[in-house]
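Structure first, commentary second.
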Amino acid sequence: MIKSSPPEGRTAPPPSPPAEDRASGARTALRSAGLLGALALLLVLLVLSLGFGARPLSVGEVWGGLFDSGSATWAVVHEMRLPRTLLGLLIGAALGMAGAVMQALTRNPLADPGLLGINAGASAAVVTAITFLGVTGFTGYVWFALVGAAAVSALVYAIGGGRGATPARLALAGAALNAALYSYVNAAMIMESASLERMRFWTVGSLATARMDTVVQVLPFVAGGLLVAFALARPLNALALGDDQARALGARPERVRTACIVAITLLCGAATAAAGPIVFVGLMVPHLVRALTGPDLRWTLPYCAVLAPVLLLGSDVLGRLLGRPGELQVGVVTAVLGGPLFLYVLRSRKVAAA
Numbered sequence: 304m305i306k307s308s309p310p311e312g313r314t315a316p317p318p319s320p321p322a323e324d325r326a327s328g329a330r331t332a333l334r335s336a337g338l339l340g341a342l343a344l345l346l347v348l349l350v351l352s353l354g355f356g357a358r359p360l361s362v363g364e365v366w367g368g369l370f371d372s373g374s375a376t377w378a379v380v381h382e383m384r385l386p387r388t389l390l391g392l393l394i395g396a397a398l399g400m401a402g403a404v405m406q407a408l409t410r411n412p413l414a415d416p417g418l419l420g421i422n423a424g425a426s427a428a429v430v431t432a433i434t435f436l437g438v439t440g441f442t443g444y445v446w447f448a449l450v451g452a453a454a455v456s457a458l459v460y461a462i463g464g465g466r467g468a469t470p471a472r473l474a475l476a477g478a479a480l481n482a483a484l485y486s487y488v489n490a491a492m493i494m495e496s497a498s499l500e501r502m503r504f505w506t507v508g509s510l511a512t513a514r515m516d517t518v519v520q521v522l523p524f525v526a527g528g529l530l531v532a533f534a535l536a537r538p539l540n541a542l543a544l545g546d547d548q549a550r551a552l553g554a555r556p557e558r559v560r561t562a563c564i565v566a567i568t569l570l571c572g573a574a575t576a577a578a579g580p581i582v583f584v585g586l587m588v589p590h591l592v593r594a595l596t597g598p599d600l601r602w603t604l605p606y607c608a609v610l611a612p613v614l615l616l617g618s619d620v621l622g623r624l625l626g627r628p629g630e631l632q633v634g635v636v637t638a639v640l641g642g643p644l645f646l647y648v649l650r651s652r653k654v655a656a657a
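Under my numbering, the residue at position 44 of the sequence shown is numbered 347, and the numbers go up by one with no gaps.
Written as C-alpha cells, this is what we have:
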C-alpha cells in the first residue's frame with residue numbers, strides 16, 4: 304500500500320500524544336497546583352500563629368514585629384511567637400514525614416509515631432534523663448530521645464512479627480508498649496515531685512515553652528531526617544512491589560529498611576525531645592494526602608511535609624483560642640481531632656482484613 308505524501312509546501316501535522324501521556328500530564332499539573340495551594344495555606348497558618356495569643360496582633364503589627372526593631376510588638380514576636388511558630392513548622396514536618404515513611408515501610412495504615420509507641424519510647428528516655436540523671440535542656444536529652452525512639456521502633460517491629468507483621472499485630476504491640484512506657488513516665492514523675500511541674504505540659508505535647516535556641520538545636524536533626532526520607536521515595540515505591548521486584552528495579556530492601564529506621568528515629572526523637580509526645584499527626588496527614596495524590600511517595604512526602612505543619616499550627620492556634628485566657632496544649636487538640644479518624648481507619652475493610 305502506497306502512503307500518500309502531504310501536498311507540496313505543507314508538512315505533516317505532528318502525531319498527537321497518547322491518551323495515557325495526556326492523563327499523566329494532567330495529574331502532574333493537578334498535583335503541582337495542589338502543592339502550591341498547600342504552601343499558600345501553610346503561609347496563612349504561619350501568619351495566624353504569629354498573630355494569635357494572649358494579645359491578638361494584626362497583620363501590620365506582625366509585620367512590624369518581624370522587621371522593625373523599634374516596633375512595640377518586636378519583643379512579643381521575636382521572643383515568643385516566632386520561636387513557637389518555627390518549632391511547630393519543624394515538628395509538624397517531622398511527624399508527618401515520619402508517619403508517611405512508617406506507613407510505607409510497614410504497609411500498615413495504622414503506623415504512627417504515637418500509636419506504635421515510638422514517641423513513648425523517646426518520652427521514657429527523656430523522663431529518665433531529667434528525673435534521675437539531672438539532665439536539662441534540649442541539647443542534654445535529645446540523645447536520650449533518639450536512643451529511646453530507636454529502641455522502641457526495633458522492639459515493636461520484632462514483637463509485631465518482623466517481616467510478617469500485620470497491621471493488627473503492630474497496633475497491639477505499640478499499644479502494649481505505650482501503656483507500659485507511659486505508666487513508667489507517670490511513676491517517675493510522681494517519685495520526683497520537683498520535676499512534676501516542669502514535665503506537666505511537656506508530657507501532653509506543647510509548643511508553649513519554645514525558644515529560639517531550641518529551634519536552632521532541633522533543626523539539624525529534623526533536616527537530616529527529612530533529607531533521608533525524601534531520598535527514600537523511589538526505593539520505597541519499589542519496595543511496595545515486593546523484595547524481589549525491588550531488587551530487580553535496583554533497590555536494596557535491607558538498606559532501605561535501615562535508612563527508614565534512621566529517618567524515623569531522627570524525626571521522632573528530635574520532635575519528642577523538643578515538644579513532647581504529640582500524637583495522631585503522623586496518622587492523619589498521610590491518610591488525607593494519599594486521598595489527593597495516590598500512593599506515589601514522590602508526591603506523598605512533599606505534601607506531608609507541608610500539610611502536617613498546617614495541621615499542627617492550626618491545632619496550636621485553635622488551642623489558644625479555645626483555652627483563653629490560658630490555652631489548650633497542642634497535643635490535646637491533635638488527640639481530640641485524631642481520635643475519630645483513628646476509629647474510622649481501624650474499622651475500614653482494609654485494616655479489618657489484615
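Think of the CB as a built atom: it goes at the ideal place given N, C-alpha and C, for glycine as much as any other residue.
Contacts around residue i, its chain only, beta-carbon distance under 6 Å, and the 5 residues preceding and following it disregarded
i, result
"residue 397", "525, 570, 574"
"residue 549", "541, 542, 556"
"residue 419", "459, 477"
"residue 481", "420, 423"
"residue 515", "386"
"residue 538", "554, 559"
"residue 463", "472, 473, 476"
"residue 658", "Since the first residue of the chain shown is 304 and the last is 657, residue 658 is not available in this structure."
"residue 655", "Reliability fails at residue 655, whose pLDDT of 43 lies under 50, so the model's placement of it is uncertain and no value is given."
"residue 415", "402, 585, 586"
"residue 249", "What the structure shows of the chain is the stretch from 304 to 657, and residue 249 is not part of that stretch, so it cannot be assessed."
"residue 652", "Reliability fails at residue 652, whose pLDDT of 48 lies under 50, so the model's placement of it is uncertain and the value that follows must be treated cautiously. Nothing listed; no residue qualifies."
"residue 329", "none"
"residue 628", "none"
Cut-off 8 Å between Cβ atoms - residues of its own chain near residue i, not counting five sequence neighbours on either side
i, result
"residue 684", "Limits of the chain in this structure are 304 at one end and 657 at the other, which puts residue 684 out of reach."
"residue 349", "388, 392, 616"
"residue 352", "384, 387, 388, 391, 616, 619, 620"
"residue 646", "none"
"residue 517", "386, 390, 441, 577"
"residue 552", "541, 544"
"residue 484", "420, 423, 424, 426, 427, 455"
"residue 457", "564"
"residue 522", "393"
"residue 511", "387, 504, 630, 632"
Span of the alpha helix (DSSP H) around residue i
i, result
"residue 364", "362-370"
"residue 663", "Because the chain in this structure spans residues 304 to 657, residue 663 falls outside the shown range and cannot be described."
"residue 548", "546-551"
Sequence-distant residues of its chain with Cβ nearer than 7 Å to residue i (five each side left out)
i, result
"residue 335", "none"
"residue 623", "355, 356, 630"
"residue 378", "none"
"residue 442", "520"
"residue 603", "403, 589, 592, 593, 596"
"residue 507", "579, 632, 634, 635"
"residue 365", "350, 353, 354, 380"
"residue 444", "429, 432, 433, 438, 576"
"residue 358", "none"
"residue 513", "386, 387, 390"
"residue 533", "604"
"residue 461", "none"
"residue 650", "none"
"residue 304", "For residue 304, the pLDDT reaches just 49, beneath the cut-off of 50, and the residue's location in the model is therefore unreliable, leaving the point undetermined."
For residue j and residue i, believed in contact at Cβ under 8 Å, the rounded distance
i, j, result
"residue 580", "residue 426", "5 Å"
"residue 452", "residue 572", "4 Å"
"residue 584", "residue 625", "Not confirmed; about 18 Å, so no contact."
"residue 609", "residue 413", "Actually they do not touch by this definition, with Cβ atoms about 23 Å apart."
"residue 368", "residue 381", "7 Å"
"residue 536", "residue 600", "4 Å"
"residue 411", "residue 449", "Incorrect: roughly 23 Å between the Cβ atoms, too far for contact."
"residue 345", "residue 598", "Actually they do not touch by this definition, with Cβ atoms about 23 Å apart."
"residue 341", "residue 606", "6 Å"
"residue 363", "residue 582", "About 37 Å; that fails the 8 Å criterion."
Practice task
Could you say if the stretch 629-638 and the stretch 362-379 meet the contact criterion of at least three C-beta pairs nearer than 8 Å?
Solution key: no
Practice task
Run through the stretch 557-618 for me and flag every whole alpha helix (DSSP H) of 4 or more residues, listed as ranges in chain order.
Solution key: 584-596
Exercise for the section: Determine contact between the stretch 432-449 and the stretch 397-409, defined as no fewer than three beta-carbon pairs at a distance below 8 Å. Expected result: no
Handout entry: Any alpha helix (DSSP H) of 4 or more consecutive residues that is wholly inside the stretch 387-443
Key = 421-436
Exercise for the section: For the stretch 589-596 and the stretch 403-418, state whether three or more C-beta atom pairs, one from each stretch, are separated by less than 8 Å. Expected result: yes
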